[in-house]
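Protein chains in written order, with UniProt numbering: chain A, 1 to 367; chain B, 1 to 367. Even for Gly, the Cβ is constructed at its ideal location relative to N, Cα and C. Remember, it's a predicted structure, so these values are computed and weren't measured experimentally. A quick write-up on the structure given underneath.
2 protein chains.
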Amino acid sequence: MRIERSMLADLARGAAFLGSGGGGDPYYSLLLAEAAIERCGAFDLVAPDSLADDALVVPCGWIGAPTVSVEKLPSGHEALAGIRRLEQIMGRPVDAVMPIEIGGGNGLAPLIAAAELGVPVVDCDGMGRAFPESQMAIFNIRGLKACPSVLTASCGALTVIETDDNLTHERIARALSVALGGIAHMVEYPLTGAEARAHAIAGSVSAAIATGAAIREARAARADPFDALAEALRATGLYPHCAILFDGKIVDLERETRGGFSVGRVIVDGFGGHGRMEIEFQNENLVARENGAIRALVPDLITVMDRETADTITTERLKYGQRVKIVAAAAPAMLREPRALRLVGPRAFGLGTDFAPLEELNGMEGT
Amino acid sequence: MRIERSMLADLARGAAFLGSGGGGDPYYSLLLAEAAIERCGAFDLVAPDSLADDALVVPCGWIGAPTVSVEKLPSGHEALAGIRRLEQIMGRPVDAVMPIEIGGGNGLAPLIAAAELGVPVVDCDGMGRAFPESQMAIFNIRGLKACPSVLTASCGALTVIETDDNLTHERIARALSVALGGIAHMVEYPLTGAEARAHAIAGSVSAAIATGAAIREARAARADPFDALAEALRATGLYPHCAILFDGKIVDLERETRGGFSVGRVIVDGFGGHGRMEIEFQNENLVARENGAIRALVPDLITVMDRETADTITTERLKYGQRVKIVAAAAPAMLREPRALRLVGPRAFGLGTDFAPLEELNGMEGT
Numbered sequence: 001m002r003i004e005r006s007m008l009a010d011l012a013r014g015a016a017f018l019g020s021g022g023g024g025d026p027y028y029s030l031l032l033a034e035a036a037i038e039r040c041g042a043f044d045l046v047a048p049d050s051l052a053d054d055a056l057v058v059p060c061g062w063i064g065a066p067t068v069s070v071e072k073l074p075s076g077h078e079a080l081a082g083i084r085r086l087e088q089i090m091g092r093p094v095d096a097v098m099p100i101e102i103g104g105g106n107g108l109a110p111l112i113a114a115a116e117l118g119v120p121v122v123d124c125d126g127m128g129r130a131f132p133e134s135q136m137a138i139f140n141i142r143g144l145k146a147c148p149s150v151l152t153a154s155c156g157a158l159t160v161i162e163t164d165d166n167l168t169h170e171r172i173a174r175a176l177s178v179a180l181g182g183i184a185h186m187v188e189y190p191l192t193g194a195e196a197r198a199h200a201i202a203g204s205v206s207a208a209i210a211t212g213a214a215i216r217e218a219r220a221a222r223a224d225p226f227d228a229l230a231e232a233l234r235a236t237g238l239y240p241h242c243a244i245l246f247d248g249k250i251v252d253l254e255r256e257t258r259g260g261f262s263v264g265r266v267i268v269d270g271f272g273g274h275g276r277m278e279i280e281f282q283n284e285n286l287v288a289r290e291n292g293a294i295r296a297l298v299p300d301l302i303t304v305m306d307r308e309t310a311d312t313i314t315t316e317r318l319k320y321g322q323r324v325k326i327v328a329a330a331a332p333a334m335l336r337e338p339r340a341l342r343l344v345g346p347r348a349f350g351l352g353t354d355f356a357p358l359e360e361l362n363g364m365e366g367t
Numbered sequence: 001m002r003i004e005r006s007m008l009a010d011l012a013r014g015a016a017f018l019g020s021g022g023g024g025d026p027y028y029s030l031l032l033a034e035a036a037i038e039r040c041g042a043f044d045l046v047a048p049d050s051l052a053d054d055a056l057v058v059p060c061g062w063i064g065a066p067t068v069s070v071e072k073l074p075s076g077h078e079a080l081a082g083i084r085r086l087e088q089i090m091g092r093p094v095d096a097v098m099p100i101e102i103g104g105g106n107g108l109a110p111l112i113a114a115a116e117l118g119v120p121v122v123d124c125d126g127m128g129r130a131f132p133e134s135q136m137a138i139f140n141i142r143g144l145k146a147c148p149s150v151l152t153a154s155c156g157a158l159t160v161i162e163t164d165d166n167l168t169h170e171r172i173a174r175a176l177s178v179a180l181g182g183i184a185h186m187v188e189y190p191l192t193g194a195e196a197r198a199h200a201i202a203g204s205v206s207a208a209i210a211t212g213a214a215i216r217e218a219r220a221a222r223a224d225p226f227d228a229l230a231e232a233l234r235a236t237g238l239y240p241h242c243a244i245l246f247d248g249k250i251v252d253l254e255r256e257t258r259g260g261f262s263v264g265r266v267i268v269d270g271f272g273g274h275g276r277m278e279i280e281f282q283n284e285n286l287v288a289r290e291n292g293a294i295r296a297l298v299p300d301l302i303t304v305m306d307r308e309t310a311d312t313i314t315t316e317r318l319k320y321g322q323r324v325k326i327v328a329a330a331a332p333a334m335l336r337e338p339r340a341l342r343l344v345g346p347r348a349f350g351l352g353t354d355f356a357p358l359e360e361l362n363g364m365e366g367t
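Structure below.
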């Protein structure tokens, strides 16, 4: 599939939803990607299956607090500088790029580099959504190495990290993102084509485009964009269940930027006195409770959306008084495996509960 | 000059004094250097003048809080791993190593690498003492670049930093040292032989050996080690003035590890009710005030020593009740130039006063 400029807004809209509140608002990434396509022309979105076994595939993304990402703008050179340095280290040119996480602005992170380098974007990612920490990527879950990785900052500073331990890598990268002003671009988990085929979450980029398009088309047809979103998600096969969990108004919000993350909680009161939903987040929304009862749990997706437009409200954009719907979706199956839940399940985030699937928690077995 | 195992203790003793309270207690560095010489044999200390113009000279040292350096032990592989990686980046083998700062344990930092690589140590350093921040090196004062630099940790993690801005380099390196457990080894400011000759502080390694030997010999001869220290320092030409500022007992100590530094103040009461001296430190001792009047100021050296043995007490080793003498020495002339004082003078440390030389503050003009 050829990615044209006109498709980028759909990708941004869909990626924002898949971010589960995180990955950063895609707005600036969208502007940069549109400008890159204007400058360099369109590029291809290719299936993982089309990759040569020994291709060099580079996941790209931003690391840092989303709250910073909307105030400290990128220079636009970060991704390319990081990839060029990685090519030097690997001693060969990159064959394709991919988002390290499809969620939020990071779903668009590799697009500038793809346009400028003339390489394709692979239709897959490393998280199937967004997660706050680097070692939560499926590639770590599957035993691949994060290093060599390269962080680049808008000021031009560049750092290379080399460690065999992916959690140490995350700690180093996180500290660097703070030192570099709160946000930095990272290329990490350089993959062979064979590894990308075996372990990446396939189809997530086209899933984001399809869901973004569905919302846009429903709006234009004055249909319900939430119905359209749910239908499009199910049609991807990757996100087989979707539920509107709640409808109400934000009445309380706690949010701080701590340790390189945006952490806090938001409380939504139901319209007409219909209960209260509380969501905890660490960059991404982690758990949704209605009147104390759990309705959805990480790694399933939980997204706060404008109740009229179905625009995603990322965690750094939440405000008192917003009228919202809370939408949840089943995570890709690879994230629900036991080896995945150890790293991206509720207990990995300090929540004192085991994972339970969205469809079980909400009696949706048949959907 | 050949550096034999028997000279290392003198070097450690002298470097501890020149550290002005910082650079870390040399004890572990001494053990590691002695073991390296046992294993690999002695190595040469060569004058900067002997370096070829295009030689690759690599300054080595530890970055972090000295308080951590005495609790988290090195693996002993850090320096060599960092130098090997720098050789890769520079595309050529290293010709010689040198301490980034002669003060404290860092005065011995390059010795393991010298023994293992079979390269000489150059008789010079980048600070003429110890300073808490990387951009305080004479090489930054003289406009040279800190990068590429390589940080290595005891766990084996390695990071490469590339930025043209030396202050950004310090911020990145400091954050990394914290992320890597509070301390890391760093090779930085890779120099040509011509640059080392023109800008390094020459003679500081042999000065440390000479002052360490003078203290040892005075003790053995039951002479006053402080007299011997002062005489040896003046004889180096590099540290032309020395004064015993105070003699008393530590009665108060505030010290915390903050932002990757050991910061605080120590108060010494004079014996026989003879006033009170207060010293502020950030890794290194920065200012000594007697009853409120300044007696010595950074970049001049201020060192707290055991009043019987003339053993240096580095800032992380200060304790309530220690009987001490406070010794000050004039900094090397290169550190007193206006361009140096902007970066290493009192105002660079937030002290609200201009630099005044030790000999002026203490009426020592004729000494």
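Taking a C-beta distance under 8 Å as the contact criterion, Leu229 (chain B) and Ala214 (chain B) qualify as a contact pair. One alpha carbon belongs to Glu280 (chain A), the other to Leu297 (chain A), and they sit about 10 Å apart. The residues Phe355, in chain order, have a CB closer than 7 Å to that of Leu341 (chain A) in the same chain once the five nearest residues on each side in sequence are set aside. In the DSSP assignment, Phe281 (chain B) falls within the beta strand (DSSP E) that extends over Arg276 to Gln282. Here the segment 313 to 324 of chain B makes contact with the segment 53 to 72 of chain B; the two share three or more CB pairs at distances below 8 Å. About 4 Å separates the beta carbons of Leu301 (chain B) and Ser20 (chain B), which is inside the 8 Å limit, making them a contact pair. Less than 8 Å divides the Cβ of Glu290 (chain A) from the Cβ of Gly275 (chain A). When the beta-carbon positions are compared, Arg295 (chain A) and Asp247 (chain A) stay at least 8 Å from each other.
Only Cys155, Gly156, Ala157, Leu158, Thr159, Val160, Ile161 and Glu162 from the UniProt domain "S-Me-THD N-terminal" (8 to 162) of chain B bring a Cβ to less than 7 Å from some Cβ of chain A. Contact of Thr168 (chain B) with chain A by beta-carbon distance below 7 Å involves Cys155 and Ala157. In chain order, Ala218 place their CB closer than 8 Å to the CB of Asp227 (chain A), counting only its own chain and leaving out the 5 sequence neighbours on each side. If the five residues before and after Glu116 (chain A) are omitted, its C-beta is found closer than 7 Å to the C-beta atoms of Ala36, Cys40 and Leu80, all from its own chain and listed in chain order. Taking every protein chain shown into account, the CB of Met90 (chain B) has fewer than 16 other CB atoms within 10 angstroms, so this residue is exposed. In the displayed model, Asn285 (chain B) falls within a strand according to three-state DSSP.
Between the alpha carbons of Pro240 (chain A) and Phe271 (chain A) lies a gap of roughly 28 Å. For Tyr189 (chain B), the number of other beta carbons within 10 angstroms of its own is at least 16, and it is reported as buried. Within chain A, no residue has its CB atom less than 7 Å from the CB of Val205 (chain B), the nearest being about 31 Å off.
Exclusion of the five residues before and after Ala330 (chain A) leaves Tyr239, Pro240, His241, Asp300, Pro357, Leu358 and Glu359 as the residues of its chain whose Cβ lies within less than 7 Å of its Cβ.
About 16 Å separates the beta carbon of Leu351 (chain A) from that of Val266 (chain A), a gap too long to meet the 8 Å contact definition.
Judged by DSSP in its simplified three-state form, Cys40 (chain A) adopts helix.
Contacts with chain A (Cβ-Cβ distance below 8 Å) from the segment 171 to 195 of chain B involve Arg171, Ile172, Arg174, Ala175, Leu176, Val178, Ala179 and Leu180, listed in chain order. Listed in chain order, the non-local C-beta contacts of Ile172 (chain A) below 6 Å within the same chain comprise Ile161, local neighbours out to five positions each way being set aside. With fewer than 16 other Cβ atoms from the protein chains shown falling within 10 Å of its own Cβ, Ser75 (chain A) counts as exposed. In the three-state DSSP reduction, Pro59 (chain A) falls in the strand class (E or B). Its chain contains Arg2, Ile3, Glu4, Arg5 and Ala115 as the residues whose beta carbon lies nearer than 8 Å to that of Ala42 (chain A), once the 5 sequence neighbours on both sides are disregarded; these appear in chain order. In the DSSP secondary-structure assignment, Ser204 (chain B) is not bridged to any residue. The residue from B:Ala175, B:Ala235, B:Val187 and B:Glu254 with its alpha-carbon nearest to that of Gly64 (chain B) is B:Ala175. In the DSSP assignment, Pro26 (chain A) is bridged to no other residue. As computed with DSSP, Lys319 (chain B) is found in no beta bridge at all. Collapsing the DSSP output to three states places Met127 (chain B) in coil.
Boundaries of the beta strand (DSSP E) around Ser262 (chain A): Phe261 to Gly270. The residue among A:Ala153, A:Asn106, A:Ile141 and A:Leu111 with its C-alpha nearest the C-alpha of Glu337 (chain A) is A:Ile141. With fewer than 16 other Cβ atoms from the protein chains shown falling within 10 Å of its own Cβ, Gly259 (chain A) counts as exposed. Annotation for Ile183 (chain A): the continuous beta strand (DSSP E) segment containing it runs Ile183 to Val187. A distance below 8 Å separates the beta carbons of Gly103 (chain A) and Ala130 (chain A). Taking all protein chains in view, the Cβ of Arg92 (chain B) is surrounded by fewer than 16 other Cβ atoms within 10 Å, so the residue is classified as exposed.
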